[in-house]
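All remarks here apply to the structure that follows.
Numbering (this note's numbering), first residue to last: 129 to 233.
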């Protein structure tokens, strides 16, 4: 039973091919940590513009495309999501220099 389960993406194309995983690896999807953050920002912009994500003053200061006032007590979801992406270790682990595929020692 896989309810609530997940299978993480392979980090590199070589690891994906070795595992027989048909899904693109992180390296193939994003290339770098900046590429990952850009993908999250684009998805957050899309969700905010369609009204599925709150984007207020913090999001506006970070360059969100669709922003508006947020009622008191509600979080600026766009800013929270993008900040989490920037702080994540996706393609940004020690030794990989912000790339998904660290060079061999």
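All residues carry an ideal CB built from backbone N, CA and C; glycine is no exception.
First through last residue of the alpha helix (DSSP H) which encompasses residue i
i	result
residue 214	205–215
residue 152	Segment: none, residue 152 is in no alpha helix (DSSP H) and carries neither H nor E.
residue 180	Neither: residue 180 is in no alpha helix (DSSP H) and is coded neither H nor E.
Spatial distance of residue i from residue j (CA atoms)
i	j	result
residue 145	residue 199	48 Å
residue 147	residue 204	39 Å
residue 176	residue 192	9 Å
residue 208	residue 226	21 Å
residue 219	residue 210	15 Å
residue 202	residue 213	20 Å
Helix, strand or coil at residue i according to DSSP, with G and I counted as helix
i	result
residue 193	coil
residue 227	strand
Original post:
Given 8 Å as the limit, is there contact between the region 151–158 and the region 132–143, that is, 3 or more CB pairs closer than that?
Top reply: yes
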